[in-house]
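Data first, discussion second: the structure below is written as structure tokens.
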Amino acid sequence: MFFGGGGFPGGFPGKGGGRGSKNADTTKFYKTLEVEKNANEADIKKAYRKLAVKHHPDKGGDPEKFKEVTRAYEVLSDPEKRAKYDRNGEEGLEEGGGGDAGDIFEQFFGGGGRGGRGAPRKRQKTKDVVQNLKVTLEQMYTGQTKKMAITRQTVDKKKGVQECRHCDGRGVKIEVVRMGPMIQQMQSACGACGGQGKSFGMKQEREVLEVHIQKGSPDGNKVTFREMADEHPDADAGDVHFVIKQQEHAVFKRKGADLFIERNITLVEALCGFEMELTHLDGRKLLIKTTPGEIVKPMVQGFDPLAKDDESKTEWEVIEDSDCPSVDNVAQADTTDIDTLKKACDSQLKKKGIDVGCFVVDGQRAYFKQCSRSEAIAAKKTRRGCTMYVVSDPDKLKSFRLMKAVKDEGMPTYKNPFVHGNLFLILTIEFPDSLSVENQTAISTLLPPALNAAKWSESDEGVEVHTVSDIDPVQSFNSNKVNMTAGGEAYDDDDEEDGGGGQRGPGGVNCAQQ
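Take UniProt numbering: the last position of the sequence shown gets the number 514, and nothing is skipped along the way.
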């Protein structure tokens, strides 16, 4: 609310009134710009341009000096303000000071820069557009260009951008209301231009973009088109991002630059070699076979070659009746469940920055030790009733993980398509359901001798003969549990010797760090 009137009776002059001051400094701004008092407008502008660039914060200059130079130029470049300053110095100027130094610099030199006080303001951008793009594994192998149509809002160049004639470009309309001796000014956004101060036309344009999918592009890779989103006169156009989404393939699985296929082979193929046909992702026909005399062994149980890196689990070597007491304990757990302890090493302890190289289990609890495998082995001592779990030998693990593969027949490497990954074969050996006695005898003459040779005979006194059969261990466990409960005997695999009866958390291990 603003009040009008003729001032006070008696005509007391306010700041900047017509009465001059003999002590006012009327040379400071001229000295700041390094010009004479009789300098013309061109000299003042030239001096400001030179000093503003020199002291601008973005150029490594002093922000305070930059503000002083800008303030001096603001006053001396305005004839009315300069006349007041020449009569009464800074006291003769209106209160409220000048505009922002960054605003004046931007008007003088143009937009751009980082923004903020004392620096040019950065233009805003319209909203980026993100669109998923489904791509087959074949397209990611060979590379392809897809044409994608987008529709976006653009400024109508024919109509152009004009100053709103309803608000004279201010973006607001001011309504003056007189109430007796008072005048009230009410301000509201201009309805004609929506408060923008400009009038402009918009139109929809259809654009066809060529999205180039490079060979070996990873899943989730972005292909970006700069400044192809919606336009606006007061903002830079945003970007359009196409996010590559790899589609599942019926034959090939991908992990990085490597490819995997799953095939079943018979026992004969595992022992005597195999040949298999494969149509590759680029249409080539591959005949894959083993080297003569080569044996295909079953994969290590529990090893998943397609597991993500963060799903990989530490492998442990078990050493019975052993401990490493000289290695300090970093944590302990009141449980002897081995699976839970292994999980704790890969999750809870690792998140705390503890890399466990060994843990020791006695009859009641486990002790975690932060050490290397070699340190744990060197400190090993015999201790009955204790079991050491030591991180497995990396070289030994490597030999366990070896798989049959075709070298350099994997995916092209992203941005280096002449280098390929490998094609791995996940082979499942199908054993025959049974063999005749004659065939077993014939095969046994061709294979290495058996590891288990019985010294007892079925006819020996006191020897019991048992024949193995197929039984489901899970069903057996559940059946035994029901039978024990039905017999009146409480069955609780969480009971401990002390019978504390306390409640334990579900499925976890409570690690007490030392």
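By construction, the Cβ of each residue, glycine as well, lies at the ideal position given by its N, Cα and C atoms.
Find the nearest neighbour of Ser372 within the set Trp316, Tyr48, Ala189, Ser479, judged by alpha-carbon distance.
Translated into the one-based positions of the sequence shown, residue 372 becomes position 372. It is Trp316 whose Cα lies nearest to the Cα of Ser372.
Between which residues of its own chain and His232 is the CB-CB distance below 7 Å, once the five residues before and five after are set aside?
Locating residue 232 in the sequence shown gives position 232, where the first residue counts as 1. If we look at His232 and ignore the five residues flanking it on each side, its Cβ neighbours are Thr126.
Taking only the alpha-carbon atoms, compute the straight-line gap between Glu458 and Glu464 and give it to the nearest angstrom.
Position 458 of the sequence shown, counted from the start, is the residue given in the question as residue 458. Position 464 of the sequence shown, counted from the start, is the residue given in the question as residue 464. In a straight line, the C-alpha of Glu458 is about 7 Å away from that of Glu464.
When we look at the beta-carbon of Phe252 and count the other beta-carbons within 10 Å, is it buried (16 or more) or exposed?
Locating residue 252 in the sequence shown gives position 252, counting from the first residue. Looking at its Cβ environment, which holds 16 or more other Cβ atoms inside 10 Å, Phe252 is buried.
Using three-state DSSP, classify Ile244 as helix, strand or coil.
Counting from one through the sequence shown, the residue named residue 244 turns up at place 244. Looking at Ile244 - three-state DSSP - the assignment turns out to be strand.
Against chain C, does Lys147 count as a neighbour if the rule is that its beta carbon must be under 8 Å from one of theirs?
Reference to chain C is not applicable here, since this structure consists of a single protein chain.
Would you call the segment 361-368 and the segment 318-334 touching, i.e. three or more CB-CB distances under 8 Å?
yes
Please name the residue in Thr136, Glu74, Ala257, Val135 whose C-alpha comes closest to that of Asn416.
Along the sequence shown, read from residue 1 onward, the residue named residue 416 stands at position 416. Proximity to Asn416 across Thr136, Glu74, Ala257, Val135 peaks at Ala257, based on C-alpha coordinates.
Inspect the beta-carbon positions of Ile429 and Ile261 and report whether they are closer than 8 Å.
Residue numbering aside, residue 429 sits at position 429 when the sequence shown is read from its first letter. Residue numbering aside, residue 261 sits at position 261 when the sequence shown is read from its first letter. Taking 8 Å as the cut-off, the Cβ atoms of Ile429 and Ile261 do not count as close.
Thr413 in three-state terms, based on DSSP:
As a first step, residue 413 is located in the sequence shown; it is residue number 413 there, counting from the start. Residue state, collapsed to three classes: strand.
Uninterrupted alpha helix (DSSP H) stretches inside the segment 364-452 (no shorter than 4 residues):
Listed in chain order, the complete alpha helix (DSSP H) runs (minimum 4 residues) inside the segment 364-452 are 373-378, 394-401, 437-446.
Neighbour-count burial assignment, Arg206, 16 or more Cβ in a 10 Å radius:
Taking the sequence shown and counting its residues from 1, the one referred to as residue 206 is at position 206. Classification of Arg206: exposed, given that the 10 Å Cβ count is below 16.
Leu435 burial status per 10 Å Cβ neighbour count (16 or more: buried):
The residue labelled residue 435 in the question sits at position 435 within the sequence shown. With fewer than 16 other Cβ atoms inside 10 Å of its own Cβ, Leu435 counts as exposed.
Helix, strand or coil for Glu138, going by three-state DSSP, please let me know.
By one-based count along the sequence shown, residue 138 stands at place 138. In the structure shown, Glu138 sits in a helix (DSSP, three-state: H, G or I).
Would you call the segment 231-247 and the segment 264-280 in contact, with 3 or more CB pairs under 8 Å?
no
From Phe66 to Cys167, what distance separates their C-alpha atoms?
Translated into the one-based positions of the sequence shown, residue 66 becomes position 66. Translated into the one-based positions of the sequence shown, residue 167 becomes position 167. Each residue's alpha carbon lies about 34 Å from the other.
Sub-8 Å separation of Gly357 and Glu375 beta-carbons:
Residue numbering aside, residue 357 sits at position 357 when the sequence shown is read from its first letter. Residue numbering aside, residue 375 sits at position 375 when the sequence shown is read from its first letter. In this structure, Glu375 lies closer than 8 Å to Gly357 by Cβ.
Counting C-beta neighbours from all protein chains within 10 Å, is the total for Ala270 16 or more, i.e. buried, or is it exposed?
Numbered from 1 along the sequence shown, position 270 holds the residue referred to as residue 270. Flag for Ala270 reads buried.
Whole-Å CB distance - Thr314 paired with Cys345, under 8 Å assumed:
By one-based count along the sequence shown, residue 314 stands at place 314. By one-based count along the sequence shown, residue 345 stands at place 345. Contact holds; Cβ gap of about 6 Å.
Grab me the residues of Thr154's own chain with a C-beta within less than 8 Å of its C-beta, minus the 5 sequence neighbours each way, in chain order.
Taking the sequence shown and counting its residues from 1, one reaches residue 154 at position 154. Result list for Thr154: Met202, Lys203, Gln204, Glu205, Asp230, Glu231, in chain order.
Identify the continuous beta strand (DSSP E) that holds Lys147 and give its terminal residues.
Sequence index remark: in the sequence shown, residue 147 carries index 147 (1-based). Segment 144-155, the beta strand (DSSP E) holding Lys147.
Can you tell me which of Thr340, Arg152, Leu423, Asn480 puts its alpha carbon nearest to the alpha carbon of Leu286?
If you number the sequence shown from 1, residue 286 lands on position 286. Nearest C-alpha to Leu286: Leu423.
Let me know the secondary structure DSSP gives Cys190 once reduced to three states.
Translated into positions along the sequence shown, residue 190 becomes position 190. Cys190: coil per DSSP, three-state reduction.
I'd like the list of long-range same chain contacts for Ser392, defined as Cβ closer than 7 Å, with 5 residues on each side in sequence excluded.
As a first step, residue 392 must be located in the sequence shown, where it is residue number 392. Closer than 7 Å at the Cβ level, and outside the excluded window around Ser392, lie Glu315, Trp316, Glu317.
Rounded C-alpha distance that separates Pro432 from Lys404
For the purposes of this step, residue 432 is taken as residue 432 along the sequence shown, with counting starting at 1. For the purposes of this step, residue 404 is taken as residue 404 along the sequence shown, with counting starting at 1. The alpha-carbon atoms of Pro432 and Lys404 are separated by roughly 22 Å.
Using the C-alpha atoms, what's the distance from Ala442 back to Ala379?
What you label residue 379 is simply residue 379 of the sequence shown in a count that begins at 1. What you label residue 442 is simply residue 442 of the sequence shown in a count that begins at 1. So the alpha carbons of these two residues sit roughly 51 Å apart.
If Gln214 sits next to Val135, beta carbons under 8 Å apart, how far is it from one beta carbon to the other, in whole angstroms?
By 1-based counting over the sequence shown, the position of residue 214 is 214. By 1-based counting over the sequence shown, the position of residue 135 is 135. Between Gln214 and Val135, the beta carbon gap of about 11 Å keeps them out of contact (Cβ cut-off 8 Å).
Return helix, strand or coil for Gln214, following the three-state DSSP convention.
Within the sequence shown, numbered from 1, the residue matching residue 214 stands at position 214. Gln214: coil per DSSP, three-state reduction.
Roughly how far, in whole angstroms, is the beta-carbon of Arg254 from the beta-carbon of Met411, given that I think they are within contact range, below 8 Å?
Numbered from 1 along the sequence shown, position 254 holds the residue referred to as residue 254. Numbered from 1 along the sequence shown, position 411 holds the residue referred to as residue 411. The pair is a contact, with the Cβ atoms about 6 Å apart (cut-off 8 Å).
Which of helix, strand or coil DSSP assigns to Asn264:
Against the sequence shown, residue 264 aligns to sequence position 264. Asn264 falls in the strand class under three-state DSSP.
Among Val406, Glu163, Ala333, Val223, which residue has its Cα nearest to the Cα of Asp128?
Translated into the one-based positions of the sequence shown, residue 128 becomes position 128. The option with the nearest alpha carbon to Asp128 is Val223.
Restricting to Cα atoms, I'd like to know which of Leu402, Ile338, Val419 is closest to Thr387.
Stepping through the sequence shown from its first residue, residue 387 is reached at position 387. Considering only alpha carbons, the answer is Ile338.
Run the CB neighbour count on Gln139, radius 10 Å, all protein chains shown included, and call it buried at 16 or more, exposed below.
Here residue 139 refers to the residue found at position 139 when the sequence shown is read from its first residue. Result: buried.
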